[in-house]
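Visitor:
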Amino acid sequence: MAFVERCTEMARLRELFAQTEQGKAQTVVISGAVASGKTELLHTFAEETARSGALVLTATGARAESGLALGVICQLVHNGDLPPDLVQQADSLLNQSIQHPEDPEREPVTLQQTSAKVARGLSTMLLELAAERSVVLVIDDIQYADGPSLQFLLYLMRRLTNGRLMVVLSECAVAHPSHPTFHAELLRQRNCHRVRLHLLSPQGVRELLAELTDEDTAGRLAPVYHQVSGGNPLLLRGLVEDGMVRLAGGTEALSTRPITEESFQQAVLACLYRWDSTTIRVAHGLAVLGRWATPPLVAALVDVKAARVEQSVADLARSGFLTDGRLRHPAVTATVLGTIGLEERTRMHGRAAELLHDNGVRETDVAEHLVAAGRIRGQDDVSVLRNAAVQSLAEDHVDFAVECLTLACAGCTDERQRAALTLTLTRLEWRTRPSAAARHLTPLTEALRAGHLESEDAVTIADYLFWHGRADEARAVLGVLGTDGGASGPRSVTDPYHPGHLQPWMHLSRPGTPKALPRDGRNGGIPGHVGLTASAALTSALIDGPGEKAIGWAEQVLADCTLSDCTVAAVQSALYALIHCDRAAKAAPWCHVFIAEARARQATTWEALFKGVRAEIALRQGDLPTAARWAEEALSLISPRCWGVAVGEPLAVLLLARTAMGRHEEAAQLLRHVVPDAMFETRFGLKYLHARGHHHLAVGRLQAALADFRRCGELMREWSLDLPALVPWRSDVARVQLALNQREAARELVTEELALPGATGARSRGVALRVLAAARDLKQRPLLLREAVDLLQAAGDRVELVRALAELSRAHHGLGEFNRARMMGRRAMQVAKDCGAEELCRQLLADQDVADGADGGEAHGGESAEALSDAERRVAALAAMGHTNREIGSRLYITVSTVEQHLTRVYRKLDVTRRTDLPLRLKDGDYSLPQQVAAERWPVGAEA
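Taken in order, the sequence shown gives residues 441 to 1384; the numbers are from this note's numbering.
1) Go ahead and pull the three-state DSSP assignment for V444.
2) So, with DSSP's three-state summary, where would you put P958?
3) In or out: L453 buried (at least 16 other Cβ within 10 Å) or exposed?
4) For E702, does the count of other Cβ atoms within 10 angstroms reach 16, so buried, or fall short, so exposed?
5) List the endpoints of the continuous alpha helix (DSSP H) containing D1000.
6) Taking only the alpha-carbon atoms, compute the straight-line gap between G1256 and C1152 and give it to the nearest angstrom.
7) Would you call K1127 buried or exposed, if buried means 16 or more other Cβ atoms sit within 10 Å of its Cβ?
8) So, with DSSP's three-state summary, where would you put L495?
9) Is it true that the CB of A733 sits closer than 8 Å to the CB of R766?
10) Closer than 8 Å, CB to CB, is G781 near chain D or not?
11) Compute the distance between the beta-carbons of K437 and Q528, then report whether it is under 8 Å.
12) If you count every other CB in all the chains shown that lies within 10 Å of the CB of L881, and 16 or more means buried, which is it?
13) Quick check: the Cα distance between A754 and V614, rounded to an integer number of angstroms?
14) Please list, in chain order, all residues of the same chain as D1148 whose beta carbon is under 7 Å from its beta carbon, the five residues on each side excluded.
15) With a CB to CB cut of under 6 Å and the five nearest residues on each side skipped, what residues in its chain are close to F592?
16) Which residue marks the beginning of the alpha helix (DSSP H) containing S1337, and which one marks its end?
17) So, helix, strand or coil for E1158, using DSSP?
18) In the DSSP assignment, find the beta strand (DSSP E) that holds V685 and state where it starts and stops.
19) Could you round the C-beta distance between W533 and G561 to whole angstroms and report it? I think they count as a contact, below 8 Å.
20) Hey, how far is the Cα of V1167 from the Cα of A1195?
21) Alpha carbons only, please: which of D821, V1033, R1243 is nearest the one belonging to G1206?
22) Please report the Cβ distance between T1459 and A877, rounded to the nearest whole angstrom; I am assuming they are in contact, meaning their Cβ atoms lie under 8 Å.
23) Checking the sheet assignment: what are the DSSP bridge partners for G472?
24) Going along the chain, which residues of its own chain have a beta-carbon closer than 6 Å to the beta-carbon of G909, five neighbours each way excluded?
25) For a quick check, are the C-beta atoms of T460 and L605 less than 8 Å apart?
26) Is the closest heavy atom of the ligand COA to the C-beta of R758 under 7 Å?
27) According to DSSP, is I720 helix, strand or coil?
28) Report all residues from its chain with a CB closer than 6 Å to the CB of R446; omit the five preceding and five following residues, and keep chain order.
29) Determine the contact status of V1011 and S759, defining contact as a CB-CB distance below 8 Å.
30) Is the segment 1187-1203 touching the segment 1217-1227 in the sense that three or more CB pairs, one from each, lie closer than 8 Å?
31) The beta strand (DSSP E) that contains D580, what's its start and end?
32) Below 8 Å between beta carbons: does that hold for L982 and A1165?
33) Kindly list the residues whose CB is nearer than 7 Å to the CB of H616, restricted to its own chain and excluding five residues on each side of it in sequence; keep chain order.
34) Per DSSP, what are the beta-bridge partners of L762 in this structure?
35) In three-state DSSP terms, what is C632?
36) Could you name the residues of the same chain whose beta carbon sits closer than 7 Å to that of D805, not counting the 5 residues immediately before and after it, in chain order?
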């Protein structure tokens, strides 16, 4: 590294050496903070003077050798080019002193008889040598020199009037020197000069970095590198060494941000251990107390007088270790903390917690030290930890809140309080690691039975038990929610925990809780209770089908909710209510809002859940790549163990998406995932069976598909949850029966499904009609399929729309209506291309030549469909759906001539010449028609 901001000091040394060479002896004391560059300056000066012909003798003081008499003088004698006869003469003198040791307690300015003889002999030798040539004595870290060596140096300096002898010493600048008497005596010598070294300025850091990178980059990086290092050259060197990044081709470049790794940490340690033991203890206190470090608190923590603490703080600040009285960087703090033994650190954190609490510091800061100590003193600390957890949770510092509650639970002796703390801890751990929360469920169940928890806590405990597949325990726990309400008497119907309100929600969430799904659960719940309102919305959507009432309740919940442990399930239910109301497009932006909120609040489990819902939304919209991506993200956020029985939901979406995209091998890999057996006792198991059955059907394993679909039906009927909007198992079974040429059985099943509650939704009815059409005679299929196309277009499910369009194309083809077949086939391919289902569409239309030109929509030079008027767009949409001019006129209540005029303008604007090209120029939204224009509905139960 470059020799930066030391030119003035070096020039002063050269000037004094020049005077020395003229016969004017000089003494120089170089002082500076720890690691400020004193040693480097000394070495540079010593090398330069040696090259000029001077005799340079060097020595270095060391704390470990400070008790070794004349150790520094011995180094001077042997660390240089002293003539051999003079070395022998000096050793003889030194041996006399060693044979007659003196009182070590004597001040280094006071010479005894033996020392005086040695000092006189050595001084005479050096002064005689200086008469022949320039002699320079260079001693680094004089503060660690032994007493007799200091006595000799003072003896010599008092005799330095003339002669070519220069003594250069370096010392660490501290508030109180190690040898104050020596220091005072030294500085009073008339030829003694002091050179002070300062820490590097931001400009100095810039100059140094400019040696490693270009000027602009150095200017940009200098402030932050100076901020982290404090201008301390050793710390800066560590930053630079850590920050050098090897690039391709073997070149190196400096990182654009300071990296505080091994070299920086070693630099911190090198500085730390140059201080005395008291200053090191003060540094420990500063590291433990952090932002609350003040001299009085540090003094109380490390048991050192406040005045001495202030001196040590000043010394540390001079070295660039501190800023505003505190360690300047987290990496410095971490390194200093690492030097404290585990037992001592535990004691210090416990004492720090006590001191901060007594000084009125807020409880979260006190709790940080209690957690770091890992132990508490009594119930007062339990209260501190509980309150700190509440505050941390309000600030979304979930991990720290968990640490507080874990310690509080371990130290709490009151059973009721411990049970409440454990329940709160379970809720928080579930946000990030549901598998970790599972260990608390048995103690919580026991606490509930012992009366240490409120009866409404049973709902939370039961839900976690269900999540982890412990259904029998969950049902037993729910038994405490009896209508008697415990000591407070019977529960009012306005009580959110009245069993009558909880029944529909619990049944939809965890089938089998009550034996039947009550129809009075769709009354909108209790005003202000979002959980029951969301439950009512979802129940209504599944049983009554899409309706404004369910949509309104769902949107009310989503608008009113802020995420919390108590509202996550309600938000999920509201989103699913919109999905089952065929309002996936409305649900998507809400879902993004809650994903962002969960991520911002570090609630990984919530984020995973909402990403799973987002995957379901994309699947309902027929956006297969997006559905797969969201499902994969959901599964990657938390482990399968953390997902519990709910893992079936994102797995099912991913399985359906990959299957529909024709990625059957990837879909098969998903089936190798081990899922909990208890999953098949929940609605998540229904979705998984439904998805697995579709994969089996797609790859031709008909009997396996039939088994999965029928198992769905058995479970749903057993649970009194036979709702096509949830899983249309009858349509699924019918598809397999059609593949097995069992048309009559298939027709009966689908007809039965269409008559069930909740089957009136556009998507549910559209899917069922498509399957029913395949079970009907060829001539009857177009009418059914057109209605299915209209419904699926309105519902927004593009994958199901592709299936319906492909079936309609096949029906027209079978009836010899080849133009219509080609138009429907092209439209199917166009939609399939948009949603990632091209492979599916090609399989459905494998025996038809409809793909030609399916990708040619962008090649036309005409205007887009947006240029069409509303009337023209309606005519174009019906024409693209295969209707004749007469049928279009009948549907729109206009004459055939008007239809022809509209089509002429449509052809001109879209630059097409024939009807069969229209699907290539229209987009999904262009097919949305007013309700009165919808296709003729097929009467439910109609016979062939």
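Cβ coordinates follow ideal geometry from the N, Cα and C atoms, glycine included.
Treat the numbers as computed from the prediction; the structure is a model and nothing was measured.
Guide: This is what the structure gives:
1) Looking up residue 444 in the sequence shown gives position 4. DSSP places V444 in coil when its eight states are reduced to three.
2) Position 518 of the sequence shown holds residue 958. Confidence at P958 is low in this model, with a pLDDT of 44, below 50, so the placement of that residue is unreliable and no value is reported for it.
3) On the sequence shown, position 13 is the one that residue 453 refers to. When all chains shown are included, L453 counts as buried.
4) Locating residue 702 in the sequence shown gives position 262, where the first residue counts as 1. Burial call: exposed.
5) Your numbering for residue 1000 matches position 560 in the sequence shown. D1000 -> alpha helix (DSSP H) spans 988-1000.
6) What you label residue 1256 is simply residue 816 of the sequence shown in a count that begins at 1. What you label residue 1152 is simply residue 712 of the sequence shown in a count that begins at 1. Roughly 39 Å between the two C-alpha positions.
7) If you number the sequence shown from 1, residue 1127 lands on position 687. Around the beta carbon of K1127, 16 or more other beta carbons lie within 10 angstroms, which makes this residue buried.
8) What you label residue 495 is simply residue 55 of the sequence shown in a count that begins at 1. The answer is strand: DSSP assigns L495 an E or B state.
9) Locating residue 766 in the sequence shown gives position 326, counting from the first residue. Locating residue 733 in the sequence shown gives position 293, counting from the first residue. For R766 and A733, yes; Cβs fall inside 8 Å.
10) Of the protein chains in the structure, only one exists, and it is not chain D.
11) Residue 437 is absent from the structure shown; the chain starts at 441 and stops at 1384.
12) In the sequence shown, counting from the first residue as 1, residue 881 sits at position 441. Counting every other CB atom within 10 Å of its CB across the protein chains shown gives L881 a total of 16 or more, marking it as buried.
13) Reading the sequence shown from its first residue, position 314 is the one you call residue 754. Reading the sequence shown from its first residue, position 174 is the one you call residue 614. Approximately 8 Å, taken between the alpha carbons.
14) Reading the sequence shown from its first residue, position 708 is the one you call residue 1148. So the list reads L1129, R1132, G1133, H1136, once near-sequence residues are dropped.
15) Here residue 592 refers to the residue found at position 152 of the sequence shown. Excluding positions up to five away in sequence, the list reads I513, A559.
16) Translated into positions along the sequence shown, residue 1337 becomes position 897. That run of the alpha helix (DSSP H) goes 1336-1350.
17) Taking the first residue of the sequence shown as 1, we reach residue 1158 at position 718. Correct three-state label for E1158: helix.
18) Residue 685 sits at position 245 when you count from the first residue of the sequence shown. Here the beta strand (DSSP E) through V685 covers 684-686.
19) Position 93 of the sequence shown, counted from the first residue, corresponds to residue 533. Position 121 of the sequence shown, counted from the first residue, corresponds to residue 561. Here residue 533 is Leu; the residue named in the question, Trp, does not match the sequence. That belief holds up - the Cβ atoms of L533 and G561 are roughly 5 Å apart, short of 8 Å.
20) The residue given as residue 1167 occupies position 727 in the sequence shown. The residue given as residue 1195 occupies position 755 in the sequence shown. So the two alpha carbons sit approximately 15 Å from each other.
21) Taking the sequence shown and counting its residues from 1, the one referred to as residue 1206 is at position 766. When only C-alpha atoms are compared, the closest one is R1243.
22) With the chain covering 441 to 1384 only, the question about residue 1459 has no answer from this structure.
23) Reading the sequence shown from its first residue, position 32 is the one you call residue 472. C612, L637, per the DSSP bridge assignment.
24) Translated into positions along the sequence shown, residue 909 becomes position 469. Cβ within range, chain order: V1085, P1116, A1118.
25) By 1-based counting over the sequence shown, the position of residue 460 is 20. By 1-based counting over the sequence shown, the position of residue 605 is 165. Yes, Cβ-Cβ distance for T460 and L605 is below 8 Å.
26) This structure lacks the ligand COA, and indeed carries no ligand of any kind.
27) Here residue 720 is taken as the residue at index 280 of the sequence shown, counted from 1. I720 falls in the helix class under three-state DSSP.
28) Position 6 of the sequence shown holds residue 446. Excluding residues within five positions, the ones whose Cβ falls inside 6 Å are L481.
29) Looking up residue 1011 in the sequence shown gives position 571. Looking up residue 759 in the sequence shown gives position 319. Contact flag unset, no.
30) no
31) As a working note, residue 580 is residue 140 in the sequence shown. It spans 575-580 - the beta strand (DSSP E) in which D580 sits, taken as one unbroken run.
32) Locating residue 982 in the sequence shown gives position 542, counting from the first residue. Locating residue 1165 in the sequence shown gives position 725, counting from the first residue. Yes.
33) Residue numbering aside, residue 616 sits at position 176 when the sequence shown is read from its first letter. Closer than 7 Å at the Cβ level, and outside the excluded window around H616, lie Q751.
34) Working through the sequence shown from its first residue, we reach residue 762 at position 322. L762 is bridged to L767.
35) Numbered from 1 along the sequence shown, position 192 holds the residue referred to as residue 632. DSSP places C632 in strand when its eight states are reduced to three.
36) Translated into the one-based positions of the sequence shown, residue 805 becomes position 365. Closer than 7 Å at the Cβ level, and outside the excluded window around D805, lie W732, L796.
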